[in-house]
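Going down the list, the sequences are from chains H and Y.
Just so we're aligned: 137 in this note's numbering is position 137 of the first sequence, and the numbers increase by one with no gaps anywhere.
All you need for this note's numbering is the position in the second sequence, starting with 1, plus 1000.
Note that the Cβ used here is the ideal one computed from N, Cα and C, for glycine as well.
Number of protein chains: 2
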Amino acid sequence: MTMAWLLLGTNVTSLTRVPMNFMTISPSQIQDTMSRLRYFEGWDREQVVRLAAGAKQITLEKKSKLVSKGELIDALYIVVSGQLRLFIPLPNGSERVIALVDRGESFGEPCLIQAEPCPYDAVAGKDCHLIAIDGMVYRRELRQNPAMADNALALISRRLLQTLRDIEICAQPSSVQRVARYLMHLEPATQDVGFEIRLPALKRDIAAKLGLSQETFSRMLAFLAQQGFIQVTGGNVRVDDRHRLQLLASAGCPMETDAKN
Amino acid sequence: MTMAWLLLGTNVTSLTRVPMNFMTISPSQIQDTMSRLRYFEGWDREQVVRLAAGAKQITLEKKSKLVSKGELIDALYIVVSGQLRLFIPLPNGSERVIALVDRGESFGEPCLIQAEPCPYDAVAGKDCHLIAIDGMVYRRELRQNPAMADNALALISRRLLQTLRDIEICAQPSSVQRVARYLMHLEPATQDVGFEIRLPALKRDIAAKLGLSQETFSRMLAFLAQQGFIQVTGGNVRVDDRHRLQLLASAGCPMETDAKN
DNA sequence: CGTGTCGTTGAGCGCTTTCAACCCTGGTGG
DNA sequence: CCACCAGGGTTGAAAGCGCTCAACGACACG
């Protein structure tokens, strides 16, 4: 078990000695935390209580691994604070990010329901607090309470549709188009032609989600900025004209190498 | 600069005049057809009868389009014969295949459940017979019958996990690895070191599912054959040594351009 | 025997990756 | 206060891989 790190794609320079910490917290406190999460919004109070009975709180240090690809997981995880990165490790040592799980979001439902091994690694992108709901308890509630099943059905349906949208972005033939589409899909609800957004994760991780190298992502942002489509300041991106960007996303662009004219 | 063609996905050379044909068939016959499909295996007979009440049979000519990306669909479709191709049209005129739907399989559940537009085009790869179950009826049964909900939950969970496996294949850094992994995942249940399979669709469509051009897919198969990993005869592929192929899928390969040694 | 579909093969180019060095920022400790 | 360092990001140069375009081959069908 000492060579566990060999299996990781990315280099784990500072191996955490205490990767994960099961907090001992009163059930009522867990229940309280849970009911404040978006995940449980609009749920029956009794239902939350029943799930809380099989719940633990978990603390996870940045960079520590919660789940390895191929493991059977025995709990449903919901993020209370921090961010989790779900990704498929690739043979060349890099990773393909499947999802970035933020506060109030969860992962693992399909694995629990189908009792299949987890198809991705789950690693803390920052220090995290999670709630882990026992798999047995979750499945029991699913069976016994139709409202639970409806919830899960809607959740997983949404997740599948979201995954297909992600595939659509990754399938774009050129990297400018991938980045342009990605930016369009974070567009807030506003009628204005321009809008400003904050990148929801490290650029490195977003790049890995788009199927690009970090460098290419950086270059494409620079290119879009230089062409006047966007303005980038740190993790903030201002889109000046959504229609023009939309057009680019659909049409593509020659990507001249020399900077003349 | 006439970019009108940019908006079309695939070229619609031969537009079918009678793309789809609603057969008038007795309800009992539909019910009969349905109960023979794998989709309804192990279902309550009463349940099938209730769904059959909202079902029509559809005949679809090869190449005719059943659903366009962005449409709201009002029925659940199940393939009785033929093969349906689900794909995302790309701005350069090519497509990314999401799934190939064979006899006894379905698509559209997440869209119906979430009342969201369909994220892909659905086109008949061959002449098809389908069953279309009315969306209202489907949703009603889902609400009223917990067993239905459990079924759907399992189905969509499986589909999501399958989609993640597809992403894993597409995410492989080199095309040899993509092809090798793809072949490994169609491996039948046998303890033998070698096995033979039949490609489940046109090579062109498989290539589009792997995120490769048809030409590259062909070249990679040829390469694997030349290196003694596989033997290809038409749509049949014989894998000589699964372990060696597995190794290649994980390790990659320099892909020498010249054919020396 | 033409025609259409499917697939293979060849040649060339351009994008993306890789490797490398460098910059910038925030935190830390002397 | 500043030197130092680590983590995240940018930029440059080179090379390889996959795509595009095009022609050809195999096969089925009318």
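Beta-carbon gap between residue i and residue j smaller than 8 Å
i: Val193 (chain H); j: Met255 (chain H); result: no
i: Ile1078 (chain Y); j: Leu1037 (chain Y); result: yes
i: Ala147 (chain H); j: Gln47 (chain H); result: yes
i: Gln214 (chain H); j: Ala225 (chain H); result: no
i: Leu142 (chain H); j: Ala149 (chain H); result: yes
i: Asp1102 (chain Y); j: Gln1114 (chain Y); result: no
i: Ser157 (chain H); j: Ile1058 (chain Y); result: no
i: Ile167 (chain H); j: Ile1167 (chain Y); result: yes
i: Pro117 (chain H); j: Leu72 (chain H); result: yes
i: Asp74 (chain H); j: Gly125 (chain H); result: no
i: Gln1162 (chain Y); j: Leu90 (chain H); result: no
i: Asp32 (chain H); j: Val67 (chain H); result: no
i: Arg262 (chain H); j: Asn145 (chain H); result: Residue numbering for chain H in the displayed model covers 1 to 261; residue 262 (chain H) lies beyond these limits and cannot be assessed.
Beta carbon proximity, residue i to chain Y, threshold 8 Å
i: Ile167 (chain H); result: yes
i: Tyr120 (chain H); result: yes
i: Arg96 (chain H); result: yes
i: Ala42 (chain H); result: Note on identity: in this sequence residue 42 (chain H) is Gly, with Ala being the wrong assignment. Not one chain Y Cβ lies under 8 Å of Gly42 (chain H).
i: Thr59 (chain H); result: no
i: Asp205 (chain H); result: no
i: Ala180 (chain H); result: no
i: Ser213 (chain H); result: no
i: Gln177 (chain H); result: yes
i: Leu153 (chain H); result: yes
i: Ile73 (chain H); result: no
i: Ala201 (chain H); result: no
i: Asp150 (chain H); result: yes
Close-in-space but distant-in-sequence residues of the same chain around residue i (CB under 6 Å, 5 per side omitted)
i: Ala55 (chain H); result: Ile30, Ile131 and Ile133
i: Ala1099 (chain Y); result: Leu1086
i: Thr13 (chain H); result: Residue placement at Thr13 (chain H) cannot be trusted, given a pLDDT of 34 that sits under 50; what the coordinates show is reported in the next sentence. Closer than 6 Å at Cβ, skipping near neighbours: no residue.
i: Ala259 (chain H); result: Here Ala259 (chain H) scores only 41 on pLDDT, less than 50, and its place in the model should not be relied on; the value that follows carries that caveat. Same-chain partners within the cutoff: there are none.
Any chain H beta carbon closer than 8 Å to residue i
i: Asn1236 (chain Y); result: no
i: Asn1092 (chain Y); result: yes
i: Gln989 (chain Y); result: Nothing can be reported for residue 989 (chain Y), as the shown portion of chain Y is limited to 1001 through 1261.
i: Arg1159 (chain Y); result: yes
i: Leu1164 (chain Y); result: yes
i: Ala1189 (chain Y); result: no
Whole-angstrom C-beta distance between residue j and residue i, which should lie under 8 Å
i: Cys128 (chain H); j: Ser94 (chain H); result: Incorrect: roughly 23 Å between the Cβ atoms, too far for contact.
i: Lys69 (chain H); j: Pro119 (chain H); result: 6 Å
i: Phe1223 (chain Y); j: Lys1203 (chain Y); result: With 8 Å as the limit, Phe1223 (chain Y) and Lys1203 (chain Y) do not qualify as a contact, their Cβ atoms being about 14 Å apart.
i: Tyr1138 (chain Y); j: Leu1051 (chain Y); result: 7 Å
Candidates the options: closest to residue i by CA position
i: Glu196 (chain H); options: H:Met220, H:Arg238, H:Cys118 and H:Arg159; result: H:Arg238
i: Ser174 (chain H); options: Y:Arg1244, Y:Glu1071, Y:Gly1211 and Y:Asp1074; result: Y:Gly1211
i: Val1123 (chain Y); options: Y:Asn1236, Y:Ser1035 and Y:Lys1063; result: Y:Lys1063
i: Gly234 (chain H); options: H:Thr190, H:Asp241 and H:Pro200; result: H:Pro200
i: Glu1109 (chain Y); options: Y:Ala1154, Y:Ile1088, Y:Gln1191 and Y:Arg1096; result: Y:Ala1154
Own chain partners of residue i with C-beta closer than 8 Å, once the 5 adjacent residues on each side are dropped
i: Leu247 (chain H); result: none
i: Glu105 (chain H); result: Arg38, Tyr39, Ile78 and Val79
i: Pro188 (chain H); result: Phe195 and Ile197
Own chain residues within Cβ distance below 7 Å of residue i, not counting five before or after
i: Arg1140 (chain Y); result: none
i: Leu221 (chain H); result: Val179 and Val232
i: Cys253 (chain H); result: Val176
i: Leu245 (chain H); result: Ala180, Leu183, Met184, Phe229 and Val239
i: Ala1251 (chain Y); result: none
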